[in-house]
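Student:
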Amino acid sequence: LSPLISTFSHPGVRDYSQLTLDLTRNELIVGARNYLFRLNLNNISLIQATEWGPDEDTRRSCQSKGKTEVECQNYIRVLLVNKTEVITCGTNAFQPLCITREAGNMSRVLERVNGVARCPYDPRHNSTAVVTESGELYAATVIDFSGRDPVIYRSLGGMPPLRTAQYNSKWLNEPHFISAYDVGLFTFFFLRENAVEHDCGKTVYSRVARVCKNDIGGRFLLEDTWTTFTKARLNCSRSGEIPFYYNELQSTFYLPEQDLIYGIFTTNVNSIAASAVCAYNLSAITQAFNGPFRSQENPRSTWLPTPNPIPNFQCGTIEEEGPNEGLTERSLQDAQRLFLMNDVVQPVSVDPLVWQDDVRFSKLVVDIVQGQDNLHHVMYIGTEYGTILKALATTNKSLQGCYLEEMQLFPPGLREPILSLQILHGDRTLFVGLNDKVLKIPLARCSSYKTELMCLDARDPYCGWDRKQRRCTTIEDSSNMSQWFQNITACPLRNQTADGAYGPWAPWQPCSHDDGEGTSTCLCRSRACDSPSPRCGGKNCEGPTIEVSNCSRNGGWTPWSSWGQCSTSCEIGFEVRQRSCNNPSPRHGGRVCVGQSREQRFCNEKVSCPQPIFWSSWSPWSKCSSDCGGGVHSRSRNCENGNSCPGCALEYQACNLESCPEVRRNTPWTPWVPVNITQGGARQEQRVRYICRAQLADPHELQLGKRKVETRFCPNDGTVTCETDSLVEELLRTPGVRLTGSGWSSWEMWSACTQECSKGYRTRKRTCTSGEGKSVPTACRGSSVEYQDCNPQPCPVNGAWACWSSWSQCSVPCGGGHYQRTRTCTSPAPANGGDICIGLHTEEALCNTHTCDGGWMAWSVWSECDDLGLQLRSRVCGAQSTPCVGNSSQHRDCNEIPAILPASSYEKDQQCGGFTLLHLIATGVSCFLGAGLLSFLVYVYCQRFHKPSQESAVIHPTTPNHLNYKGNTTPKNEKYTPMEFKTLNKNNLLPDERTNYFPSPLQQTNVYTTTYYPTALGKYDYRPDSSPSPCRTYNHS
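Residue numbers (full-length UniProt numbering): 1 to 1037.
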């Protein structure tokens, strides 16, 4: 292929991952790391190169977050041509940025927008985007720095921005977005994600998702969120009793003329490598979306089929006037829970069009070629090894899985992934984006087949044999269709490659040999690589073609090398030195060197290794804190040889969760007590007992149960037997006879509360006594016992420490530093007046105590500024035997630069121009005396030239007395209108109310930061333009 391939590269530029065709201008637009290129489609020569890298501040900010220099570049991830514009989006050192440029001049910027939700932060995150004819940009990417918030997002254009539901794994569950297409009323997205409906373990499914382009979101529910988002699973598998599934979609290609979508599927990265290509009709995809949904009522229930409320949904909208006007006809409740289709999208054929084991396909494009009898779909499949497979896409079993050729893009032994494939159908050209270059490969190479047999046996859909011209041509270059023949009836013959092999040795012959130290006469013989010769890319013969004899030379040792590094850092190890027998090397039967070529000796014999730090075994579980009803028990372990083991030393576990048995106890019946006595002398008697029940381990903690009352009737006819019958109810409704003079005594004191917290109860009692002072319980109406709730406050919770965190990194790399770990009082946190945790919340330990380069320990912190305006720091020499090189102390100028602080950080010790309190007092006294003298002169002048009236003798204050003024009851603070000045944040997007200040008109060394409240102009005659103070900044405090 080398003579036919055109190559483009730019010095220092990598990652040519984005290729886009601009057919209007006959250009190929390339997006690489920090660069955009416009290339000529004919020979991919450079038209324009535009550098687009992150600025220095953005790059430094990226590296300060722990990213590498390679990651902190601008990787182009969106490159779309929209009429006369090109939409470009890049990672921009983890600060995504999108720029719209002029198509004919990439350097001309038309618009800049934030790249979040349009481009990923990390160049390793998968993303895709498509722009519609009306200018809306549909992007599928991650929206946050850590890549945990995937989103399908619409922006730009005339439609409102919409996104998928945030942090909802049922919508998108760790997806990898592959491609997006604008098809009719919908925008389709192809992706793979963790299957949320899969109940057994974790697996990945490939999906096709779609949204309506006229979707405007919901009202109150699903606001700014898709209401038409649905997704279905793509099936690509090999048939059999147990099908073999290729679950992970890697690449797709859309043929709009055929309504076909081709896709590359592979197995999981942790399984055996296998790949396949399946094709899907848009009608099959539409059929799946018209079928039933699969939904889950709650997180613990299974996914079950649910009927589709709108089987043939075509993005219809609500036309009637009202709050839902313009919304899609899907119910918002259905849109929130019905998005996963029950039916699986099936491919056009039962088995994949192409499959292969032990290799992973990565990229795919498809060309449509007119053959002698029908159209052929030719697939170009990129592999992980950097090769491109050319195969036929057909359902004909005799041609299914045919590989026509394999293109090797790199020299033998070199493997690189293919980053991008782009095909130009009209010119039959394939563009390949690699890490360091772009390739242009012609697809129709019929001139390479020299004979009719080679032309027909190649089974190349692009080529046929022209019997009139007697050469292999394309159908466009043929002289006559009747004279142009193809033979695409079977797969081409493969494995015709043959490796070379040596033939027999020739007889020995005298020869001369020059080894650089002289010429000698020897015996030689030779052999040829012709049994067979290498063919069709086969390997050349390995081994010598000439042997020399009878001119031998003895070998000699080279000097010993220096001792190598010890094999251990502590305890006994060994170090090695070597020499070689090539001084000179033995040749042609000469004697080899005598002795050892390798020596070793012990090292680090006196350096002991530190004891390993590990956890001891867990102790047995302690006794449960409760015999039933739920308790806890614990076990512990110790950190051996140190105190920095990761994890917790104490572990708790619930125990005895079964409910306690319920205990019921009945009190004995009380004696019969008369209640009512009839006119005839008959009486009604009652007796009482109580039922106590408890479901506790301790039966003494019983709850007060229900009261049971029995009533009987005793006639006054001399009979002893008292009966209980229906007469009792009548007697109960009849008012009884009360003894005269009986009444309740005063209530006793309240008893102690049954619980100290969490709501108990207390009681008090009274007795019913007759006029004679006797106790008559039945003579008084009402209850003799009264209950009242008490101690409703919650019980206090004592705090306990959580586990220690991991040790932090050492503060210095050498010279003695420290690292620390922390814990929080949250296991549990103290509440309701409980005790706080006792002990330290932070621990520190020494680390990196070895000396730095030159024997020095670490520098101390800079001291405070002295009278000379200098700061000092020092370090200590840690070397024992030799003195350290360099200074033991350093000094530097303080270089204090005063700053204007915000009004909220007012400090009492600020001064204006070096004024002290004495200066302020002197100024105040001077102003007071001057004002008094001026007032006296004005008064004398008025007394001399004007006769004072009765009213003018009364002095009216110009401002009300705040102590005695009654004219306005408005609070003082409400009569002042604070002056507020807002600034924009660093992105110039949102107001930042944390920094509200207005700079002073004069630059002062020291600035007062005070809060000024201007008065109401109508009452206090305040003029803002009178005598502005240069030492005052008006702020909103």
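Here a beta-carbon is modelled for each residue, glycine too, at the ideal position from N, C-alpha and C. Because the structure is a prediction, the values reported are computed rather than measured.
#1: So, at 8 angstroms on beta carbons, what are the nonlocal neighbours of H125 in its own chain, with the 5 sequence-adjacent residues on each side left out?
#2: Is the distance from the Cβ of K231 to the Cβ of T132 below 8 angstroms?
#3: Run through the stretch 72-157 for me and flag every whole beta strand (DSSP E) of 3 or more residues, listed as ranges in chain order.
#4: Using 10 angstroms around the beta-carbon of F37, count the other beta-carbons present and answer buried if the total reaches 16, otherwise exposed.
#5: For D530, I'd like the list of residues in its chain whose CB is within less than 7 angstroms of its CB, leaving aside the five on either flank, ordered along the chain.
#6: Within the continuous beta strand (DSSP E) that includes N487, where are the two ends?
#7: Where does G924 fall in DSSP's three states?
#8: Under the assumption that C98 contacts C119 (Cβ atoms under 8 angstroms), give the Cβ distance between them as a whole number of angstroms.
#9: Between the Cα of S61 and the Cα atoms of F94, T88, V81, R77, which residue gives the shortest distance?
#10: Going by DSSP in three states, S9 sits in which element: helix, strand or coil?
#11: Can you tell which of P510, M857, S625, C570 has the C-alpha that lies nearest to the C-alpha of C551?
#12: From I921 to E864, what does the alpha carbon distance come to, in whole angstroms?
#13: Which residue wins for smallest C-alpha separation from G630, given the options P661, Y246, V354?
#14: Can you tell me which of L364, W804, S751, D835 puts its alpha carbon nearest to the alpha carbon of Q820?
#15: Give the secondary structure of G833 by DSSP, where H, G and I count as helix, E and B as strand, and everything else as coil.
#16: Can you tell me where the beta strand (DSSP E) holding D789 begins and where it ends?
#17: Please tell me whether A195 and V151 are closer than 8 angstroms, where the distance is taken between their beta carbons.
#18: Cutting at 8 angstroms between CB atoms, please list the residues of its own chain near S561, excluding the five before and the five after it.
#19: Around the C-beta of N74, are 16 or more other C-beta atoms found within 10 angstroms, so that it is buried, or is it exposed?
#20: If you count every other CB in all the chains shown that lies within 10 Å of the CB of E476, and 16 or more means buried, which is it?
#21: For C609 and C570, which I take to be in contact (beta-carbon distance under 8 angstroms), what is that distance rounded to the nearest angstrom?
#22: List the whole-angstrom C-beta distance separating N281 from L260, where the pair is believed to meet the contact cut-off of C-beta under 8 angstroms.
#23: Can S775 be considered in contact with the ligand SAM, in the sense that its beta carbon sits closer than 7 angstroms to one or more heavy atoms?
#24: Taking S331 as the reference, which of V344, G316, P796, T568 has the closest Cα?
#25: Rounded to whole angstroms, what is the Cα-Cα separation between R294 and H425?
#26: What number of angstroms, rounded off, separates the C-alpha of C780 from the C-alpha of P699?
#27: Please classify L46 as buried or exposed, where buried requires at least 16 neighbouring CB atoms within 10 angstroms.
#28: Alpha carbons only, please: which of G771, T824, G782, A829 is nearest the one belonging to N798?
#29: Decide if the stretch 412-422 is in contact with the stretch 431-442; the criterion is three or more beta carbon pairs, one per stretch, under 8 angstroms apart.
#30: When you compare only the Cα positions, how much space is there between I488 and D367?
#31: Please state the DSSP three-state secondary structure of D457.
#32: DSSP three-state label for L443, please.
#33: Rounded to the nearest angstrom, how far is the Cβ of V369 from that of P461, given a contact under 8 angstroms?
#34: Would DSSP call A506 helix, strand or coil?
#35: If you draw a straight line from the C-alpha of V345 to the C-alpha of A654, how long is it?
#36: Considering Cα atoms alone, identify which of S784, T100, E547 is closest to S746.
Tutor: Quick answer:
#1: T141, V142, G147
#2: no
#3: 76-82, 85-90, 97-102, 105-114, 128-131, 137-142, 150-155
#4: buried
#5: G503
#6: No beta strand (DSSP E) contains N487, which DSSP labels as neither H nor E.
#7: helix
#8: 6 angstroms
#9: F94
#10: coil
#11: P510
#12: 32 angstroms
#13: P661
#14: W804
#15: coil
#16: 785-790
#17: no
#18: R577, Q578, R579
#19: buried
#20: exposed
#21: 4 angstroms
#22: 6 angstroms
#23: In the structure shown, the ligand SAM is absent, as is every other ligand, since no ligand is present at all.
#24: G316
#25: 40 angstroms
#26: 35 angstroms
#27: exposed
#28: A829
#29: yes
#30: 16 angstroms
#31: helix
#32: coil
#33: 4 angstroms
#34: coil
#35: 48 angstroms
#36: S784
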